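Residue numbers (the working numbering): 102 to 338.
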């Protein structure tokens, strides 16, 4: 592409695009508009040209550049990928794909495209510096998956409601020595013995069931009926 055109040259180029359009005229006009910062007009010309000259490399490159200049990285990547698929050694496509992946912090892809570009253009020191930076980021510990500490085994008692009844049930199964041991220790300093030997009816009922034959012993007749609890008869083994 040539440098910036004068107003007269631009008008002549636009006239050619209207009266005797071609893929070359389309690419030149779209590139000129892009360099002038007229991205919408540039994309419109390029899109019109690609509808007529599908996948034309020159027009597609201009469209990709225009998308990138406008910050539309995904669309720019699509255009340069089309070029790269048709011409794997196209330096413009390789460099732009590398730089877009670099912008997106896709370090592995950036390294791959920078290496491909430098294989064809080994004297580009600026790209070589970016390649080293991309490699550094790719191998950075910050990019490695973080090792998560294994969760501590869940306390079996957490799965059960912390009630006196459940405390007795768990004790009978050997699951729990004392559910409320910690909380009772904390309460020892706060609660003083008032000398009362009063025992509730519920405590007397539990004390009477030191070694129950069945967990059903911990439920009243009403609770057994409401919960539809029945003795296990061994069926289904």
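For every residue, glycine included, the Cβ atom is placed at its ideal position computed from N, Cα and C. Please read these numbers as outputs of a predicted model, since none were measured by experiment.
Using the rule of at least 16 other Cβ atoms within 10 Å of the residue's Cβ for burial, across every protein chain shown, is residue 107 buried or exposed?
In the assembly as shown, residue 107 is an exposed residue. Its beta-carbon has fewer than 16 other beta-carbons within 10 Å.
Output yes or no for whether 8 Å exceeds the beta carbon distance between residue 136 and residue 174.
no
Between residue 126 and residue 114, how many whole angstroms is the CB-CB distance? I'm expecting something under 8 Å.
That belief holds up - the Cβ atoms of residue 126 and residue 114 are roughly 7 Å apart, short of 8 Å.
Beta-carbon gap between residue 150 and residue 131 smaller than 8 Å:
yes
Suppose the cutoff is 7 Å on Cβ atoms and the five residues either side in sequence are ignored; what does the same chain contact list for residue 140 look like?
Annotation for residue 140: 167, 170, 171 place their beta carbon closer than 7 Å to its own, counting only its chain and skipping 5 residues before and after.
Of the choices 129, 239, 117, whose alpha-carbon is the least far from that of residue 208?
239
What do you reckon, are the CB atoms on residue 194 and residue 211 nearer than 8 Å?
no
Per-residue burial, residue 156 [other beta carbons within 10 Å of its own, 16 or more giving buried]
So residue 156 counts as exposed.
Using CA atoms only, rank isn't needed, just tell me which of 228, 111, 133, 161 is closest to residue 196.
228
Could you spell out where the alpha helix (DSSP H) holding residue 171 opens and where it closes?
Here residue 171 belongs to no alpha helix (DSSP H), and DSSP marks it neither H nor E.
Excluding the 5 residues flanking residue 231 on each side, which residues of the same chain have their C-beta closer than 7 Å to its C-beta?
By the criterion of a C-beta distance shorter than 7 Å, residue 231 is surrounded in its chain by 203, 215, once the five residues flanking it on both sides are discounted.
For the region 112-176, which segments carrying the alpha helix (DSSP H) assignment without a break, of at least 4 residues, lie completely within its bounds, in sequence order?
124-136, 140-153, 158-170
Tell me whether residue 250 sits in a helix, a strand or coil according to DSSP, three-state version.
Low confidence applies to residue 250: its pLDDT is 49, below 50, so where it sits in the model is not reliable, and the reading given next is rough at best. Note: residue 250 maps to coil in three-state DSSP.
Consult DSSP for residue 223 and reduce its assignment to one of helix, strand or coil.
coil
Excluding five sequence neighbours on each side, which residues of the same chain lie with their C-beta closer than 8 Å to the C-beta of residue 201?
169, 174, 177, 178, 181
Check this for me: beta carbons of residue 222 and residue 192, under 8 Å apart or not?
yes
If residue 164 and residue 133 are in contact, beta carbons under 8 Å, what's the gap, nearest whole angstrom?
Incorrect: roughly 14 Å between the Cβ atoms, too far for contact.
Under the three-state reduction of DSSP, which class applies to residue 191: helix, strand or coil?
coil
Going along the chain, which residues of its own chain have a beta-carbon closer than 6 Å to the beta-carbon of residue 147, five neighbours each way excluded?
131, 160, 163, 164
Excluding the five sequence neighbours on either side, which residues of its own chain have a C-beta within less than 8 Å of the C-beta of residue 118, listed in chain order?
126, 127, 130, 146
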